[in-house]
Structures are given as structure tokens and as C-alpha cells.
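Protein chains: 2
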Amino acid sequence: MARSTRPGITDVARLAGVSLSTVSRAMNGNPTVDPALAERVKAAAAELGYTANPVARSLVLGRTQTVSVVIPDLANPTFQAILRGLSRAAAADGYHVLISDTAEQVGEEGALATTMRRRTDGVVLCAPRLAREELAALLPTVAPAVVINRPPQADVPTVAADYGAAMSRLIEHLHGLGHRRIAYLSGVVASASGAARKAAITAATADHDGLEIIEIPAGVDFDSGGAAIDAVVDSDVTAALAFNDLVAMGLLSAATARGIRVPDDLSITGFDDIPFAAYTTPPLTTAAVPASELGRRAWAAMHALLTGTEPPASDVLTPELIIRDSTGPAVR
Amino acid sequence: MARSTRPGITDVARLAGVSLSTVSRAMNGNPTVDPALAERVKAAAAELGYTANPVARSLVLGRTQTVSVVIPDLANPTFQAILRGLSRAAAADGYHVLISDTAEQVGEEGALATTMRRRTDGVVLCAPRLAREELAALLPTVAPAVVINRPPQADVPTVAADYGAAMSRLIEHLHGLGHRRIAYLSGVVASASGAARKAAITAATADHDGLEIIEIPAGVDFDSGGAAIDAVVDSDVTAALAFNDLVAMGLLSAATARGIRVPDDLSITGFDDIPFAAYTTPPLTTAAVPASELGRRAWAAMHALLTGTEPPASDVLTPELIIRDSTGPAVR
DNA sequence: CTGTTAGCGCATTCAA
DNA sequence: TTGAATGCGCTAACAG
Numbered sequence: 086m087a088r089s090t091r092p093g094i095t096d097v098a099r100l101a102g103v104s105l106s107t108v109s110r111a112m113n114g115n116p117t118v119d120p121a122l123a124e125r126v127k128a129a130a131a132e133l134g135y136t137a138n139p140v141a142r143s144l145v146l147g148r149t150q151t152v153s154v155v156i157p158d159l160a161n162p163t164f165q166a167i168l169r170g171l172s173r174a175a176a177a178d179g180y181h182v183l184i185s186d187t188a189e190q191v192g193e194e195g196a197l198a199t200t201m202r203r204r205t206d207g208v209v210l211c212a213p214r215l216a217r218e219e220l221a222a223l224l225p226t227v228a229p230a231v232v233i234n235r236p237p238q239a240d241v242p243t244v245a246a247d248y249g250a251a252m253s254r255l256i257e258h259l260h261g262l263g264h265r266r267i268a269y270l271s272g273v274v275a276s277a278s279g280a281a282r283k284a285a286i287t288a289a290t291a292d293h294d295g296l297e298i299i300e301i302p303a304g305v306d307f308d309s310g311g312a313a314i315d316a317v318v319d320s321d322v323t324a325a326l327a328f329n330d331l332v333a334m335g336l337l338s339a340a341t342a343r344g345i346r347v348p349d350d351l352s353i354t355g356f357d358d359i360p361f362a363a364y365t366t367p368p369l370t371t372a373a374v375p376a377s378e379l380g381r382r383a384w385a386a387m388h389a390l391l392t393g394t395e396p397p398a399s400d401v402l403t404p405e406l407i408i409r410d411s412t413g414p415a416v417r
Numbered sequence: 086m087a088r089s090t091r092p093g094i095t096d097v098a099r100l101a102g103v104s105l106s107t108v109s110r111a112m113n114g115n116p117t118v119d120p121a122l123a124e125r126v127k128a129a130a131a132e133l134g135y136t137a138n139p140v141a142r143s144l145v146l147g148r149t150q151t152v153s154v155v156i157p158d159l160a161n162p163t164f165q166a167i168l169r170g171l172s173r174a175a176a177a178d179g180y181h182v183l184i185s186d187t188a189e190q191v192g193e194e195g196a197l198a199t200t201m202r203r204r205t206d207g208v209v210l211c212a213p214r215l216a217r218e219e220l221a222a223l224l225p226t227v228a229p230a231v232v233i234n235r236p237p238q239a240d241v242p243t244v245a246a247d248y249g250a251a252m253s254r255l256i257e258h259l260h261g262l263g264h265r266r267i268a269y270l271s272g273v274v275a276s277a278s279g280a281a282r283k284a285a286i287t288a289a290t291a292d293h294d295g296l297e298i299i300e301i302p303a304g305v306d307f308d309s310g311g312a313a314i315d316a317v318v319d320s321d322v323t324a325a326l327a328f329n330d331l332v333a334m335g336l337l338s339a340a341t342a343r344g345i346r347v348p349d350d351l352s353i354t355g356f357d358d359i360p361f362a363a364y365t366t367p368p369l370t371t372a373a374v375p376a377s378e379l380g381r382r383a384w385a386a387m388h389a390l391l392t393g394t395e396p397p398a399s400d401v402l403t404p405e406l407i408i409r410d411s412t413g414p415a416v417r
């Protein structure tokens with residue numbers, strides 16, 4: 086029967102008639118080896134189907150050519166897009182990605198990141214609800230790290246979307262359409278982006294006399310949007326700012342089911358511009374968070390950290406306002 | 086300044102006043118260690134914040150506690166769900182997941198799987214378009230492996246949804262509504278699930294006199310569904326079977342934009358039951374492929390392989406027919 | 001029950 | 001330019 090164990094560097098050395106250090110050097114393209122010899126070694130390696138054991142290399146080199154990514158919820162389209170952008174960018178640079186969906190163990194982000202960090206060269210953290218202090222305490226222990234969608238931190242590259250600016254644009258859009266009494270379906274209040282949205286709301290009501298924004302607690306998914314329909318109706322508003330597209334879609338669906346016309350009776354805005362936001366009925370007005378671009382940039386920052394390139398600064402992207410048909414002039 | 090290098094097993098040994106092996110044994114819960122001593126060791130480890138270097142362990146143990154997952158396209162909701170189900174199940178068993186989105190390098194699945202396999206304990210392969218022979222040649226080289234959504238292979242656990250059975254149900258549903266001339270928007274013909282769908286169509290037309298199913302080449306995404314509207318209209322059918330929900334949604338959207346009423350003028354079915362299929366207007370009739378369950382089961386199979394449990398057989402799930410409002414009685 | 005010794009597979013000093 | 005020796009950090013024989 087054939088060999089059951091993979092060929093090692095020793096096998097190649099023997100076949101090529103050289104020492105294992107020469108094999109190592111040849112395989113790594115070290116220029117201090119005689120070209121002819123290098124060829125011979127490579128031929129031997131090819132013949133044996135030899136490839137250096139990455140685990141052994143990792144041990145001696147101290148790097149794994151892999152980064153960890155911790156994501157709060159793989160079911161969320163935005164996080165999926167971040168992961169996708171990051172994953173592809175990392176692959177293009179020859180890096181692998183170890184993922185972790187923390188959905189189950191909320192609050193375990195710290196321990197998880199620490200665990201993952203040990204098998205990888207760095208960690209990209211997407212942890213919107215991790216407490217500020219915990220994050221601050223965690224970061225130094227897992228460096229190099231890059232953080233997504235959190236306020237800039239000292240010594241840690243951050244890539245984020247400007248949720249506050251986007252929320253302001255959404256509000257301006259609604260205000261421009263004549264809406265003066267607006268509902269805000271808040272999602273995770275404790276999240277960084279949630280705080281940014283809230284701040285934008287406060288600023289907007291301060292800026293515009295007569296503008297009222299009523300906060301209605303809701304969740305972050307489709308169902309919570311639907312569940313909020315009663316509260317929205319009762320609040321007697323002409324428009325609703327949903328925490329995200331999922332919530333907006335739930336609200337839109339529930340409103341339609343109730344015979345409330347959107348945007349004639351009620352304008353609705355989303356947030357994120359997930360893939361299906363353009364295909365609801367009516368299509369959703371929203372703020373386009375460039376999620377996969379965030380992932381790409383997070384990788385760029387990590388790659389810089391890993392290669393010792395210039396210390397990447399914090400990188401913030403402003404979501405674009407996407408006006409579709411779920412918003413229209415205020416009626417009342 | 087503080088120590089810049091992590092504590093090693095030697096540091097713990099010194100602090101606890103024991104040998105390396107005792108530390109190793111104590112940390113691994115080896116019962117042949119005096120309980121009191123074990124406590125002392127653990128205390129020392131805790132004091133130093135020591136944790137065994139996973140890379141070194143991997144090298145000596147020959148296992149990484151990690152599995153690779155290769156996914157064709159992270160932008161596809163079905164694959165996302167598979168990954169999510171798998172990832173969470175693996176995490177529950179203390180395993181990590183290395184992912185690879187092969188989108189960019191189609192056809193590179195083999196090389197990629199091989200590369201990833203070397204840093205992990207096994208690979209879960211989701212490669213619908215990989216040629217049968219290539220797959221067969223690849224599998225033995227990356228074992229242990231489990232394959233998702235492909236016909237059962239010898240010696241390799243397979244978990245798959247029965248696309249053929251689901252397609253049959255969809256057709257029966259349409260036939261029962263009186264549809265006799267139906268369009269089929271084919272996606273990736275070369276894929277395993279594509280072949281299964283096609284076979285179901287052939288069987289159905291053979292079973293039912295007067296039933297015609299016209300194949301219209303299309304893609305696998307939203308846009309390709311929309312692009313097929315002309316062909317569908319020209320084909321003079323009363324119903325259309327879309328390759329998947331994305332295509333169905335694109336077609337639905339284009340149809341609606343053209344003033345074609347669904348399901349009054351045209352019935353449309355999807356496939357997969359992605360999260361948004363229930364929220365289109367009208368909601369989509371489709372076949373629910375239990376994607377995250379597939380991921381979960383793929384993990385179960387892999388875990389069995391890894392732990393030497395009973396050889397997992399091939400596991401096939403039949404998608405449930407979900408009748409919503411995009412299908413109705415045939416008019417003509 | 002505990003310590004000593006030998007590798008896991010490779011990259012890299014150091015000599016030659 | 002090449003080879004021999006050393007060690008990355010840890011586990012697992014093997015003695016004691």
C-alpha cells in the first residue's frame with residue numbers, strides 16, 4: 086500500500102541528496118542557494134508532493150498567516166457583508182480567516198477573542214455591544230487588533246461607518262418632506278452605532294424647531310419591526326426611522342397588512358441598505374452602510390499592522406443616503 | 086516595564102516548583118496527578134495568566150481543533166446559512182472554523198481545500214460546480230472530509246437537500262393549480278442541484294400528459310431573474326419555476342414593474358426559502374432548503390469522523406414545500 | 001505519582 | 001554556498 090504519512094522535509098532532503106537546511110532554504114526561495122541545487126530540491130519536493138507543514142512553520146516563525154474575525158451574528162446581512170469583504174481581501178493577500186459567530190455566547194467576546202488570537206496573528210473585532218471599558222481592557226491583550234464600527238480608540242486602528250451623519254441625513258430628508266413628528270424605532274441602545282444615531286436625533290431636534298422625534302423601543306430584526314406597528318400608529322407620527330432595514334421591513338410589512346399606505350400614510354426609512362432593501366414594496370429609503378467595504382478596509386488596516394507598514398489611522402466612511410419610495414411628503 | 090513575552094510552560098513549572106511534564110499533565114486534567122499539586126500548578130498558571138500555546142500543541146498532537154469550510158459564495162444567503170449552522174455547531178463542540186470564500190478563484194476549490202486542510206483537522210466542502218471527477222480525486226487527499234449538496238460518494242459522508250424531490254413537489258403544486266405550460270429558469274446547469282432539478286422536470290413531464298416545461302437559461306441571482314422576464318413573457322406560460330428565490334424575486338420584481346400580476350397573470354415559485362422570501366409582494370411560494378440545518382449536520386458528520394464515532398452515512402433532507410401567495414390557479 | 005528525555009516538523013543560527 | 005546543531009512550546013513515552 087501507499088505511504089500513509091505525508092513526506093517531511095527529511096524525505097525531500099534524502100531524495101535530493103542534500104541536508105534539510107538546504108531544502109528549507111530552497112523551498113523558501115532563499116537566494117543563497119545554488120540555483121541548480123534549488124531546482125533539484127524543488128523537483129524532489131514536487132515528486133514527493135511535499136509541502137511544508139504550516140503548523141510547524143507557524144511554531145517556529147511565530148506567525149500563522151491567519152487572522153481571527155469575531156462577528157456578533159452571522160445571520161445579520163451587514164455582518165455577513167463585512168465578513169465577506171474582509172475574507173476576500175485577506176485571501177487576496179494570502180491570509181486565512183478564522184471566524185467566530187458570538188451569537189450564542191453574548192458577552193463572551195473577550196474570552197473568545199483571546200482564545201482565537203492565540204491561533205492567529207491578529208484579531209478583527211466587530212463587537213457593537215461590548216462595554217467600552219471591557220473593550221479597552223481587551224484590546225491591548227489581543228494586539229494587533231482592528232476594531233469595526235466603534236468610536237476611534239487610541240493605539241488601535243478603527244474602521245467605522247458614520248452612523249450619526251447618516252442618521253442626520255435621514256432626518257433631514259424626512260424634515261425636508263415636511264415631517265415634523267417622527268418615530269424612531271430604537272434597536273440596541275447599548276451599541277456604539279445606537280448611541281451615534283441617538284446623538285444625531287438629539288442634535289436634529291435641537292436644530293429644528295417644531296421637530297419631534299418619539300423613541301419607540303424595538304429590536305434589531307424583522308419581527309421587532311412588525312411588533313412595533315401599534316406603538317407607531319398610536320404615536321400619531323407621519324414617518325418612522327427604523328433602527329435598520331430589517332426593522333423597517335418588518336414595520337413596512339405590518340403597516341401594509343393593516344392597510345396603512347407607505348409612503349402616503351406613513352413614511353419609513355431603514356438603515357444599512359441590505360441587499361433586499363431595494364426590493365421591498367415599496368423599495369426602502371435608507372442609508373447605505375458600505376459593509377463589505379468596511380470589511381475590506383479592516384483587512385487593509387490589519388495587513389498594515391501585520392507587515393509593519395505605516396500605523397493606519399482611524400478610517401470612517403459616511404453612508405450614502407439612498408432615497409427610494411418608502412418616503413414621501415408628510416400628509417398631516 | 087511588564088513582560089513582553091507570554092509565560093511558557095517553563096515559567097509555570099518554576100513558579101509551582103515542579104517539572105514541565107507535571108504542568109502539562111495538570112493543565113490537561115490528567116488524573117495521575119496529585120490533586121493538591123494540580124491545584125498548585127493551576128494556581129501558578131492562573132497567576133501568570135498562562136495558557137498552553139495552541140500552535141505548539143497542534144504540532145505535537147497532530148490536531149488543530151479547527152476545521153476548514155469552503156464556500157462558493159459568501160454573498161449567497163443559502164451558503165451563509167450553511168456556514169452559520171456549521172460554525173455554531175462546531176463552536177459548541179469546541180472547534181474553530183477556518184473559512185474560504187472561493188468566489189474569486191472558481192475552479193481553485195481543490196487547491197484551496199488542500200491548502201486549508203493542512204492547517205486544520207478536516208474540510209467541509211461545499212462546491213456545487215466542481216466537476217465530479219475532480220471532486221472524486223480531491224476527496225481522498227483531504228480526508229477527513231464531508232461534502233454538502235452533492236450526490237452520495239463512497240467513503241465520504243454527504244449531507245444534502247433533495248433538490249429533485251423538492252422540485253417535484255413544486256411542479257405538482259403548479260400542476261394541481263392547473264398550470265400546463267410552465268417556464269423553468271435554469272441557473273447553473275453544471276451544478277449537482279441543477280442536475281437534480283432537471284431530472285425532476287424530465288420525470289414530471291413524462292408523468293403528466295399535456296404538461297410542458299420550457300427551459301429558459303438564466304443565472305442564479307436577482308438580476309438574472311429580472312433579465313429573464315422577456316423570455317418568460319414570450320414563452321406564453323402561466324407559471325415559472327425559478328432556479329432559486331433570488332431569481333424568483335428578480336422575476337417577480339420585473340413582472341410587477343411590467344404590470345404583470347402575480348399570481349393572477351403569472352405564478353412564480355422560488356427555491357431555498359431564504360429569509361426574505363416570505364416578505365416579497367406577494368410572498369413567495371418556494372421549497373425550503375434547510376440550509377443552516379445542513380450546516381449543523383455537516384458538522385455532526387465531521388465531528389463523528391474526527392472522534393472516530395460510527396461512520397456517518399449520507400444524510401439527505403427533503404425541503405418542505407412552502408405555499409405562499411406567488412402561485413395561484415392557472416388562468417388560460 | 002513525578003521527573004527526565006525525546007521528539008512533533010521546520011527555520012535558523014553557527015561553523016566549515 | 002552548504003551542513004550540523006539548536007530550539008519554537010509542548011506532550012508522551014520512559015524510567016524512578
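Chains as they are written, first to last, in the numbering used here: chain G, 86 to 417; chain H, 86 to 417. Glycine included, every Cβ here is placed at the ideal spot set by N, Cα and C. Treat the numbers as computed from the prediction; the structure is a model and nothing was measured.
Check                                                                                                                                                                   : Outcome
Mind checking which residues open and close the alpha helix (DSSP H) that includes G/Y364?                                                                              : Element bounds for G/Y364: n/a, residue is neither H nor E.
Select from the stretch 124-141 of chain H all residues with a C-beta closer than 8 angstroms to any C-beta belonging to chain G, and list them in chain order.         : T136, N138, P139, V140 and A141
At 3 residues or longer, what runs of the beta strand (DSSP E) sit wholly inside the stretch 125-182 of chain G?                                                        : 151-156
Please identify, using Cβ separations under 7 angstroms, the residues of the stretch 264-279 of chain G that lie next to chain H, in order along the chain.             : none
Can you tell me which of G/G295, G/P213 and G/V317 puts its alpha carbon nearest to the alpha carbon of G/I301?                                                         : G/V317
Am I right that H/I353 and H/A327 are in contact with their C-beta atoms under 8 angstroms? What's the rounded C-beta distance?                                         : 6 angstroms
For G/S399 and G/D349, I'd like the C-alpha separation in whole angstroms.                                                                                              : 41 angstroms
G/E405 by DSSP, collapsed to three states: which one?                                                                                                                   : strand
Just to confirm the assignment: which complete alpha helix (DSSP H) runs, minimum length 4, are found wholly within the stretch 206-274 of chain G?                     : 217-227 and 248-261
Have a look at H/R88 and G/G207 and give me their C-alpha separation to the nearest angstrom.                                                                           : Bear in mind that a pLDDT of 47 at H/R88, under 50, signals an unreliable position, so the number given afterwards is only what the model happens to contain. Each residue's alpha carbon lies about 19 angstroms from the other.
Residue range of the alpha helix (DSSP H) that G/L390 falls in?                                                                                                         : A376 to T392
Assuming the contact rule is C-beta atoms closer than 8 angstroms, H/F361 and H/T371 should be a hit. Round their C-beta distance to whole Å, please.                   : Contact doesn't hold; Cβ gap of about 11 angstroms is too wide.
Could you check whether H/L351 and H/G310 sit closer than 7 angstroms to each other, using their CB atoms as the reference points?                                      : no
Can you have a look at G/A101 and say buried or exposed, based on whether 16 or more other CB atoms are within 10 angstroms of its CB?                                  : buried
What did DSSP end up calling G/A415 once you bin it into helix, strand or coil?                                                                                         : coil
What are the boundary residues of the beta strand (DSSP E) that G/A373 is part of?                                                                                      : T371 to A373
Let me make sure I understand the geometry here. Which of H/E405, H/Y135, H/A228 and H/L369 has the alpha-carbon closest to that of H/G393?                             : H/A228
What does the Cβ neighbour count give for H/N329, buried or exposed, with the cut at 16 atoms within 10 Å?                                                              : buried
Could you give the C-beta distance for H/G170 and H/G380, rounded to a whole number, given that I count them as a contact under 8 angstroms?                            : 3 angstroms
Looking at chain H, is there any beta carbon in it that lies within less than 7 angstroms of the beta carbon of G/Y364?                                                 : yes
Where do the ends of the beta strand (DSSP E) carrying G/L326 lie?                                                                                                      : A324 to A327
By the three-class DSSP mapping on this structure, what secondary structure does H/D350 have?                                                                           : coil
Along the chain, where does the alpha helix (DSSP H) containing H/E297 start, and where does it finish?                                                                 : No alpha helix (DSSP H) holds H/E297; the beta strand (DSSP E) holding it covers E297 to P302.
Please tell me whether G/Y180 and G/V152 are closer than 7 angstroms, where the distance is taken between their beta carbons.                                           : yes
Using a C-beta to C-beta distance shorter than 9 angstroms, which residues of chain G count as neighbours of H/A160?                                                    : Q165, A166, R169, P360 and S377
Check whether the stretch 261-276 of chain G and the stretch 373-391 of chain G touch, using three or more Cβ-Cβ pairs below 8 angstroms as the test.                   : no
For G/A176, which residues of its own chain have a beta-carbon under 8 angstroms away from its beta-carbon, when the five flanking residues on both sides are left out? : V182
Mapping the DSSP letters down to three states, classify H/M314 as helix, strand or coil.                                                                                : The residue asked about is misnamed: residue 314 of chain H is Ile in this sequence, not Met. Helix, per DSSP.
Note the first and the last residue of the continuous alpha helix (DSSP H) segment covering H/R343.                                                                     : It is not in any alpha helix (DSSP H) - H/R343 carries neither H nor E in the DSSP assignment.
First and last residue of the alpha helix (DSSP H) that includes H/I286?                                                                                                : A277 to D292
Rounded to the nearest angstrom, what separates H/R148 and H/R142 at their Cα positions?                                                                                : 8 angstroms
Indicate whether at least one CB of chain H lies closer than 7 angstroms to the CB of G/V182.                                                                           : yes
Report yes or no: is there a C-beta of chain H within less than 7 angstroms of the C-beta of G/S143?                                                                    : yes
Going by beta carbon distance, what residues of the same chain come within less than 6 angstroms of H/A245, once the five residues before and after it are set aside?   : N234 and V401
Report buried or exposed for H/E194, applying the criterion of at least 16 other Cβ atoms within 10 angstroms of its Cβ.                                                : buried
Let me see if you follow: with CB-CB separation under 7 angstroms, is G/D308 close to chain H or not?                                                                   : no
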